[in-house]
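Have a look at the structure below before the remarks.
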Amino acid sequence: MRPTAGMTAKVRTAFVTVMVLFSLSLCGCWGRTELENIAFLALVGLDTVQGPAGEDLPAGDAGLQVTASIASPHASSPGDSGGGPSRRFMSTVSVAAPNVSTAMQAVEMSVGRALTAIHLQAIIIGEGLARQGLEDVLDSMLRFRNLRHSVIVIIADGRARDILEKLSPTVEAQASVFLRKLIAVAADGRVTRQVHLHDLLVSSASQSKDAVLPLIRLWREITPGDGGSGAWSATLAGGAVFKDASMVGKINIIEAFHALTLRGGIRRLSQAYPVTPPPGSPATETAGTQGIVEVEWEKGLARRKISIEEKAGTHAPRVRIDVSVELTGTIVELPAHIDITRPEGLRRLQSDVEKGALFHLRRVISKAQLEFGGADIFFFGDAVRRQFATWGEWTSFDWPERFREATVDVKATVHLRRPGLTVRNVWHLE
Amino acid sequence: MNSRLILPPGHRIGYIEGLALLTVYMMGKVFTSCPSQMIYLESTSGWITTALAAIPAGLGMAANYYFVSRFHGLEYQRCLELTIGRVAGKAVGALLVAFTIGLNAIPLREVSGGLKTAILQETPLGVIAFVAMLVSAWSAALGPEPVGRFAALTIFPMSILLLFALFGSLREEFCLAELFPLWGTGIGKTIAGAIPCSSIYSEGFAIGVLMPHIREAAPRQGLRLALTSLLLAALALSLTIMITTAIFTAPVGAQTLYPALQIARLIVFSIFIERMEALFVFAGIILTAIKFAVGLLVGSFLLAGVLGVRRWDIIVWPLAALTYFACFRPETLIDVFYLQITLFRSCGWIIAFVLPSVLLFIAHVRKVPGDRSEAYRRDDS
Amino acid sequence: MKAHKGSPVTLLRRLVEWLNREPPPIFSLDPAYPPVETRNRAQSGSDSRGRGAPGDSARECGPGAVDYSRGIGRGIGVSGDLDSNLSLLGKALHIQESADVVVREFSIGGRLRAALVFIEGMVDRRTVNADILQPLLDPASRAMIARKPIVERFQKAFPAALARPEGNLRRVVSGVMNGSAAVLIDGMDCALLVDATGVLHRPVAEPSTERVVLGPHEAFVESLKVNVPLVRKILKTPDLVCSKFEIGDITKTQVIVFHIEGIANPRLVREVKRRISSIKVDYMGETGLLDQLIDVPRFGLVPHALYTERPDRLAAHLAEGYVGIIVDHSPYGLIVPATILTFFHSAEDYYVRWPAGTLLRLIRMLALFTTIMLPGLYVSVVNYHHEMLPTTIAWAFAASRESVPIPSVGEVLIAEIALDFIREAGVRVPSPVGPTIGIVGALLIGEAAVNASLLTPEVIIVVAITAICNFIIPNQDAAFFERILRYLFAFAASLMGFLGLAAAFFVIGVYLCSLRSFGVPFMAPLLPFKMRPDTLVRGPLQTMETRPDFLRPATRTRQLPFSRRWARQRWSPGGWRRRGGGGRDDNE
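Chains as they are written, first to last, in this note's numbering: chain A, 375 to 804; chain B, 383 to 763; chain C, 72 to 659.
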């Protein structure tokens, strides 16, 4: 049956005419933008505005310093070798503005094309701004579709503008690709985690999912006589700890690894631990008074048992957290004097590694509780949250305060495997 | 239709098409509006409140079904008139028509706004709404048969796509226990909360209006069809809510418009195909177009009965125009939310639960028989 | 008060009347159909010999209709006067003007005057000379005249297998026009129509559009007398009914409707015959014309009947309960009713093993989706949804588009239209030049256009993939439909990106769901859904136990639940026996 079934010819003609006239209003192609009329934002850096003495001014008063790295592949025509843009098509523009939207508008005016953030690779936030708090910045970023929630966020050890203007990676062609791959490799090794804008939003709103963002530091090799003209590169310096959308501290790579281990699951990562040489063994001058064993962790499991104790006479309940970490690793490097074919040698080695792991685990927990004001970067609160049916009840429990006062007991069990194709080294062939 | 039917029934709108029509009509909430409010409710309400909201929804749907099935296949408007008299029946019918227009207009506004935000920022809201209403009205004028078939054809792949969208953005640390607060009661509470959401805007009465047009829905099957639609839609809504709660955590999810869309934006399938929100918006547009078409069908059947005319297919067009213009009556999004809360949440349960129960009671007390000889009965020869 | 014609009251009254007319039914009114497994002897179709030949008794010349039978009235019979018959035939056949109408007068046995009337080129010379003239001119024939009734004598005199007496002069004319030779004898009040058809036609060759690797390589030709036996030799069942119709006032084209009695739904057969027999046109030259004349609705975008040039495919469909139609002078047959999946099934699907058949079908489904949606997807992604592209690809696309001044929508349309030009040119180009077209087309559009910054490489790739996928579709009608859809989707995508695509998809989908081919829903068996092993995938042959349900065949079961009885047998010293005991089982 046709929609116009039963209509006479005149009525049908009138009907179709009216529909066509209305439909003409559809022919506007609003929002149609060709690819060559778009300027792709590859990286964005957010900093505070600096005062005359180089101090960070409050973002709410002085605004933001927004630095944009833009890709505009206008000269790569068909027939040229290579399909993508090269380094010369990434330009950097930095403006100071009251907020992000105004800054983007100013950048657009200077570029002359429609700016789009849909292919943004990373947002780099300077340490100064991160410590002041990101609530206002995040709100404008998350409201519309322009910015994807899956863009990664990086904290700059210093100013983000320096990274965008100076970074010149040696292997990768573009800084944005380099940073993305750097974070991915580090996340694979579990010394950091790719924190997306969405994760930052969730951690800001949640009491039990405080984020540890990757911390990037610029560096370059200075050789005498080069006049300071060497190329700048960047490296992962550790993690920036956040609590409620504000940065509260930093942790180094080792602490970051152990913190993420407590969250659950590890990937392959090599970690060095000091060992105590057995009594009577020759001292290892190269390693000082102790040897170093390098262990490649393969498997890790952190079991958490959290109990809430209601003590009489106190207003707030007390939380006790028992964590037992089970780690399995392969010995990668070993001091020459240690003979792991003997059970006591292997046992002593395991014990030393356990002590090393426990030391780092306890240190990072203590830092989180005391130095970072109860930032739950280990997600212990997730297990507690499941015991509350509604969000209101969970909020009134005030988990950051409970975690800060919680008693945490950590136990570590290490299983080491003998490595490689040799049983013992050639210096112990007796 | 000017082609003679050679082959017999079986290809009419049967159980499957009817199920698809009703389910999509209720499931359309996943892409149009409800989940954000549902998340807010789920995160703050207790067990008792949620269950108490679910019970009237289910009872209302059953009451509608029994009311209509009492009349052996008469049109809904005719059932009203036989029960409470011609004048009162027309008045109630007109009220239901107005309610249906509101049921369609508010989601049309929200969908258009969502599409504008998601994929077509520069396109005027009116144009988006016009396209949605145009295609829906065109398909509704073709009849429930092709719309039901198309709904049945697309519901399965669309549901898979929807589930994939919902589950596709799970993070590494995601723990299944996130879905089970209070050690397992969360799922039950979420489904119980989703049932009234499926029908609290009175899609439940669509079963009554559409039932005479669903062939092969013998009395036993008709009730089964209604309850199956309700459960399927509630399941889809529950999944949306649970995953949204798990991924966004409650306060963030409650502030998010169109959570299914937001979750789709988080999906990264592989390095080659990324940024899939447009593809899932594609699925959402199809589902909502079917939803609007069903709403127009329901409204046109009622309005034709109220006006006493037989050409319900012509009535679709002015009804679509009314709905289109009504969707712009709320000036701002705040007005839209206000209308949703005050009109539908406060009055919707009356249409969903009170009205059919009262009608059923009156029909039972007055012992009103079904009338086969009336001209408004469906074609059954 | 009497209302005037144009007054508001009248208009309002007319509006109310219009709104109160009988609404189009939501569901068609349909009496119950014959129960399953009943083998009814339904009415068979008419042929030109019996009652109801549409060219004769059913003809109603209404006002304005052209009557091409002005030469001879309807009821004029053959008289015993040879001169009178020849005079009437001469007027009807325009003997004076037409050079190929031959009237050969002779005498039988030297005494009886007779005449042979035929069309030069329509008859086989050898048959005329050896089987008609020679026996009649033989002096021995004179002896036969004396002993038997005259009609019977001459009927028995001919060795020709098909010689029949015809008393109606109009039918004599029709027979002559169809390749028979008419023998008129003085004193005999009927003519003898001898089937001496010898029209030159193409030999049976390989199909040009439905080639297969495994399977028969025969195709229909332009002669009905060759095509019908091609089907008959596959379906050697006496229940195969071939009903003949004649359509076209000028062409009097013969149309054969096949169905298998006891399998095809009698109502379907009746409807097909009803539509064919009620066609009133002057010219019926080919199957395509008949297809359009029996199609509903008037401006149908979607084909409702399946074309095939393979007799095996037609026979297979007849065995499932479909109805087949063959038109004289056309190498294509029609299969009705057609559903959407039949356009994507090929004969080869059944000749290969089921995993291969399934793979072929899935490839076709993917090709269907690609050919329809790819240009629209490209346009919408490049113009509206840039976020769908991976970053490096987006930058590469942007780089290549920098030097092209034409919008991407225009590029796609130009490339598609150019490809259609090349495709049409390739069909009509003489074969020695054919390969050159491919090279020229590739050079023109591919490299030169890109180098001249008219098109981007991405558009070339999109259009090329689309064209290749279009060629994968085995049915030309469906391929044409997809070509139209492609433009629609690209246009919709250019207007509103994914909203336009989704709206177009919705409209097309609902439209397809609303279509019926001879009463069968076009989307069957997808909807109404019926699980069958022969829909999107091709299941094992032994599982295809029933005929398609949407056809409502008279006999639904086509094979036993366990059709491979050999699999149940086991060898024993006494012979092959059925497993589980039982006697000797010799596959009988």
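Beta carbons are placed, not taken as given, at the ideal position from N, Cα and C, and that holds for glycine.
Going along the segment 761-793 of chain A in order, which residues come within less than 8 angstroms of chain B, judged by CB to CB distance?
-> Gln761, Phe762, Ala763, Thr764, Trp765, Gly766
Verify whether the separation of the beta carbon atoms of C:Thr358 and C:Gly269 is less than 8 angstroms.
-> no
Measure how close the beta-carbons of C:Ser251 and C:His272 come, nearest whole angstrom, since I'm counting them as under 8 angstroms.
-> Not confirmed; about 17 angstroms, so no contact.
Chain C beta carbons: is any one of them nearer than 8 angstroms to that of B:Ala436?
-> no
With 8 angstroms as the threshold, decide whether the Cβ of B:Leu387 is near any Cβ in chain A.
-> In this prediction, B:Leu387 scores a pLDDT of 34, lower than 50, which makes its location untrustworthy; the coordinate-derived value is nonetheless stated afterwards. For B:Leu387, the answer is no, since every Cβ of chain A falls outside 8 angstroms of its Cβ.
If contact means a Cβ-Cβ distance below 9 angstroms, which residues of the segment 478-503 of chain C contact chain A?
-> Pro478, Ser479, Val480
Could you name the residues of the same chain whose beta carbon sits closer than 6 angstroms to that of C:Ala376, not counting the 5 residues immediately before and after it, in chain order?
-> Asp362, Leu405, Val407, Ala409
Could you round the C-beta distance between A:Lys617 and A:Gly747 to whole angstroms and report it? I think they count as a contact, below 8 angstroms.
-> 6 angstroms
Cβ of B:Arg692 within 8 angstroms of any chain C Cβ = yes
Per-residue DSSP class, three states only, for C:Cys540 = helix
Identify whether C:Ser169 lies in helix, strand or coil by the three-state DSSP scheme.
-> coil
When Cβ atoms are compared, which residues of the segment 412-429 of chain A fall closer than 7 angstroms to chain C?
-> Ile412, Phe414
Taking A:Glu672 as part of the beta strand (DSSP E), name the residues at either end of that continuous run.
-> 665-683
Taking 8 angstroms as the CB-CB cut-off, is B:Ala618 touching chain C?
-> no
Do the segment 480-491 of chain C and the segment 580-592 of chain C touch if we need at least three Cβ pairs shorter than 8 angstroms?
-> no
Secondary structure of C:Asp620, DSSP reduced to three states = helix
In whole angstroms, what is the alpha-carbon distance linking C:Ala549 and C:Tyr378?
-> 10 angstroms
Which chain A residues are close to B:Phe631, counting only those with a beta carbon under 7 angstroms from its beta carbon?
-> One point to set straight first is that residue 631 of chain B is Thr, not Phe, in the sequence displayed. What B:Thr631 touches in chain A: Val576, Ala579, Ser580.
Should A:Ile705 go down as buried or exposed, given a rule of 16 or more other Cβ atoms within 10 Å for buried?
-> buried
How big is the Cα-Cα spacing for A:Pro717 and B:Leu621?
-> 54 angstroms
If you check the beta carbons only, do A:Asp430 and A:Thr422 fall under 8 angstroms apart?
-> yes
Would you report the Cα separation of C:Arg346 and C:His388, rounded to the nearest angstrom?
-> 20 angstroms
Roughly how many angstroms lie between the CA atoms of B:Ile629 and A:His572, to the nearest whole one?
-> 9 angstroms
With DSSP as the reference, label A:Arg792 as helix, strand or coil.
-> coil
C:Phe177 in three-state terms, based on DSSP | strand
Just checking, does the segment 472-479 of chain A make contact with the segment 529-547 of chain A on the three C-beta pairs under 8 angstroms criterion?
-> no
If the cut is a Cβ gap below 9 angstroms, which residues of chain B does A:His632 touch?
-> In chain order: nothing, as chain B lies at least about 16 angstroms away.
Short-range partners of chain A found in the segment 483-504 of chain B, where Cβ spacing is below 9 angstroms | Thr499, Ala500, Ile501, Leu502, Gln503, Glu504
Per DSSP, what kind of secondary structure is C:Met594 in: helix, strand or coil?
-> coil
For C:Phe329, the three-state DSSP class (helix, strand or coil) = strand
Please report how far the alpha carbon of C:Phe316 lies from the alpha carbon of B:Leu661, in whole angstroms.
-> 52 angstroms
Taking a Cβ distance cut-off of 7 angstroms, strictly less, list which residues of the segment 436-468 of chain C are near chain A, in chain order.
-> Val453, Asn454, Tyr455, His457, Glu458, Thr462, Thr463, Ala465, Trp466, Ala467, Phe468
CB-CB under 8 angstroms to C:Val292, same chain, minus the five flanking residues each way: which ones, in chain order?
-> His272, Arg273, Pro274, Val275, Ala276, Asn298, Pro402
If you draw a straight line from the alpha carbon of C:Leu100 to that of B:Pro751, how long is it in whole angstroms?
-> At C:Leu100 the pLDDT is 31, less than 50, meaning the model places this residue with poor confidence; the figure from the coordinates comes in the next sentence. Distance between the alpha carbons of C:Leu100 and B:Pro751 is about 26 angstroms.
What is the DSSP secondary structure of A:Lys617, counted as helix, strand or coil?
-> strand
Note down the Cα distance separating B:Leu721 from B:Ser728, rounded to an integer number of angstroms.
-> 10 angstroms
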